[in-house]
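Take a look at the structure set out below.
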Amino acid sequence: MWLVSQILPVIRLYLVGLKVLLYQLFNKSFALPVFPKQNGRVAIVTGGAKGMGYETARQLTSLGMHVVIAGNCEEEGIAAVKKIQAEKHEGKVDFQYLDLASLSSVRQFVQKFKDRGLPLHVLVNNAGVMLVPERKTEDGFELHFGLNYLGHFLLTNLLLDTLKKSGRPDSCARIVTVSSATHYGGVITLEDLQSRSCYCSHGAYSQSKLALVLFTYQLQQRLTSGGFPVTANAVDPGMVNTDLYENLCSLAQLAKRPVAWLLFRTPAQGASTTIYAAAAPELEGVGGCYLYNGRRTQSSDASYNEDLQAKLWRQSCALVGLQDEGRRAD
Ligand SMILES: NC(=O)c1ccc[n+]([C@@H]2O[C@H](COP(=O)([O-])OP(=O)(O)OC[C@H]3O[C@@H](n4cnc5c(N)ncnc54)[C@H](OP(=O)(O)O)[C@@H]3O)[C@@H](O)[C@H]2O)c1
Ligand SMILES: *[C@@H]1O[C@H](CO)[C@@H](O)[C@H](O)[C@H]1NC(C)=O
115 MWLVSQILPV IRLYLVGLKV LLYQLFNKSF ALPVFPKQNG RVAIVTGGAK GMGYETARQL
175 TSLGMHVVIA GNCEEEGIAA VKKIQAEKHE GKVDFQYLDL ASLSSVRQFV QKFKDRGLPL
235 HVLVNNAGVM LVPERKTEDG FELHFGLNYL GHFLLTNLLL DTLKKSGRPD SCARIVTVSS
295 ATHYGGVITL EDLQSRSCYC SHGAYSQSKL ALVLFTYQLQ QRLTSGGFPV TANAVDPGMV
355 NTDLYENLCS LAQLAKRPVA WLLFRTPAQG ASTTIYAAAA PELEGVGGCY LYNGRRTQSS
415 DASYNEDLQA KLWRQSCALV GLQDEGRRAD
């Protein structure tokens, strides 16, 4: 039993990885088309100081948006802002502190953002960690689940009223959530979301990324039934050469290097589908999609399980201390 729960998630994750690499070997990366200017629109990009988040923040700024980089390292965040500003884009960019591994930090971030009186047209849930040894967030949640998923769950819910007010029927506000192909190998264990019974970092990462897809679909369903001008989509960036892989064991690091050099996407390429989801005119009003390499793709069977979506939502509300407002009488 122990072996199964330790080894199976690892095998699943590497099989998914292999499939993605095969795809990337034979398929070119999605090339970003030219988008109309987005002046006046405001975006938040979590983890926007480096990796794909940085490229996303940079591109959205170049489209004329006002981008708020939300990150947990002030120094790095301000350096990123300066670098983007030096390119003299039309849009604005600034930094606001957000630690997704702390629910009180998420709440403080939202309060501070709301105090600025800005609208919000695009929320990019991009930040994440991968394959971290067993660790807990400030609130005692398993780190992958707590940071990648619960932090973004709370952030999105607290910003939802601003997003609803900022969207228009012909120009919806957009929630773009970065998931991963590893979600295909992910398993949600509602009785043990915190991986307490048996910790495996591969399983924990995959679970957090599956949770983000389930969340996106449930969110879209709620937005649609409420008639709100907001859409929610999930994005799969492919395998991208970023610092995300820093927690691989040294042997895997060694093997990764040449593979990454040959087959991984660059951060700019990896960010292209996220930017597409945030700005493409053809996605106006379109939500509830899983987007990969610039097009709609099927996510895992488990992700479409509406019962699981609803149960996960309810449990997540309880875990972060949110009233489940959109809940229908059942
Ligand atoms: N790279 C890939 O192959 C790949 C594949 C599929 C999905 N993804 C997803 O893509 C997203 C972006 O990752 P990336 O590849 O660009 O990796 P990355 O360069 O490591 O970026 C991750 C970002 O998340 C931030 N972050 C980490 N902990 C945080 C916290 N507690 N609070 C706020 N921000 C925090 C990081 O900031 P600090 O470093 O300053 O903490 C960093 O800016 C992630 O969600 C990842 O799961 C990546
Ligand atoms: C290349 O992309 C096409 C279209 O998305 C897909 O059908 C095909 O399977 C991909 N090739 C590989 C090797 O994955």
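Taking the working numbering, I'd label the letters of the sequence shown as residues 115 to 444.
By construction, the Cβ of each residue, glycine as well, lies at the ideal position given by its N, Cα and C atoms.
Nearest to residue i (by Cα), restricted to the options the options
{"i": "Ala-391", "options": "Thr-356, Gln-423 and Cys-286", "result": "Cys-286"}
{"i": "Leu-122", "options": "Glu-420, Leu-376 and Cys-314", "result": "Cys-314"}
{"i": "Val-246", "options": "Lys-425, Asp-213, Phe-259 and Leu-234", "result": "Phe-259"}
{"i": "Lys-516", "options": "His-316, His-235, Ala-157 and Pro-395", "result": "Lying before the first or after the last residue shown, residue 516 is absent from the chain, which here runs from 115 to 444."}
{"i": "Val-349", "options": "His-297, Glu-396 and Pro-395", "result": "His-297"}
{"i": "Ala-424", "options": "Thr-411, Glu-439 and Phe-140", "result": "Glu-439"}
{"i": "Glu-420", "options": "Glu-204, Ala-325 and Gln-383", "result": "Ala-325"}
{"i": "Ala-318", "options": "Thr-411, Thr-330 and Leu-304", "result": "Leu-304"}
{"i": "Cys-271", "options": "Phe-223, Ser-311, Met-166 and Gly-167", "result": "Inspection of the sequence shows that residue 271 is occupied by Asn rather than by Cys. When only C-alpha atoms are compared, the closest one is Phe-223."}
{"i": "Leu-307", "options": "Lys-370, Leu-422 and His-203", "result": "Leu-422"}
{"i": "Pro-233", "options": "Gly-154, Lys-250 and Cys-187", "result": "Gly-154"}
{"i": "Met-353", "options": "Tyr-263, Val-292 and Gln-332", "result": "Val-292"}
{"i": "Leu-376", "options": "Lys-142, Ile-183 and Ile-192", "result": "Lys-142"}
{"i": "Gln-152", "options": "Ser-176, Ile-183 and Leu-129", "result": "Ser-176"}
{"i": "Leu-405", "options": "Ala-241, Gln-332 and Val-327", "result": "Val-327"}
{"i": "Leu-273", "options": "Asn-355, Leu-333, Ile-302 and Glu-360", "result": "Leu-333"}
C-beta atoms of residue i and residue j nearer than 7 Å
{"i": "Ile-289", "j": "Leu-237", "result": "yes"}
{"i": "Glu-252", "j": "Ala-215", "result": "yes"}
{"i": "Leu-174", "j": "Ala-157", "result": "yes"}
{"i": "Met-179", "j": "Pro-351", "result": "no"}
{"i": "Arg-172", "j": "Ile-198", "result": "yes"}
Length of the line joining the Cα atoms of residue i and residue j
{"i": "Phe-144", "j": "Thr-387", "result": "7 Å"}
{"i": "Asp-444", "j": "Cys-431", "result": "Here the model assigns Asp-444 a pLDDT of 43, short of 50, so the residue's position is not dependable, and the following value carries that caveat. Going by the C-alpha atoms only, they are around 17 Å apart."}
{"i": "Lys-206", "j": "Pro-283", "result": "25 Å"}
{"i": "Val-181", "j": "Leu-117", "result": "46 Å"}
{"i": "Phe-209", "j": "Cys-363", "result": "32 Å"}
{"i": "Ala-295", "j": "Thr-330", "result": "15 Å"}
{"i": "Phe-267", "j": "Ser-219", "result": "13 Å"}
{"i": "Lys-133", "j": "Pro-381", "result": "19 Å"}
{"i": "Ser-280", "j": "Val-400", "result": "17 Å"}
{"i": "Arg-428", "j": "Val-344", "result": "21 Å"}
{"i": "Gln-437", "j": "Arg-221", "result": "15 Å"}
* Inside the stretch 268–316 only - alpha helix (DSSP H) runs reaching at least 4 residues -> List check, alpha helix (DSSP H) in window: nothing returned.
* To do: Mind listing which residues have their beta carbon within less than 6 Å of any non-hydrogen atom of ligand 2? Chain order is fine.
  => The set of residues with a C-beta under 6 Å from any non-hydrogen atom of ligand 2 comprises Leu-136, Tyr-137, Phe-140 and Asn-141, given in chain order.
* **Contiguous alpha helix (DSSP H) assignments of at least 4 residues, all confined to the stretch 140–209** => Within the stretch 140–209, complete alpha helix (DSSP H) segments of at least 4 residues are found at 165–176 and 188–200, given in chain order.
* Note down, one range per segment and in chain order, each alpha helix (DSSP H) of at least 4 residues found wholly within the stretch 354–411. => Segments of the alpha helix (DSSP H) lying fully in the stretch 354–411: 364–377 and 381–393.
* To do: Pick out the complete beta strand (DSSP E) segments inside the stretch 230–259, 3 residues or longer, and give them in chain order.
  => Listed in chain order, the beta strand (DSSP E) runs fully inside the stretch 230–259 are 236–239, counting runs of at least 3 residues.
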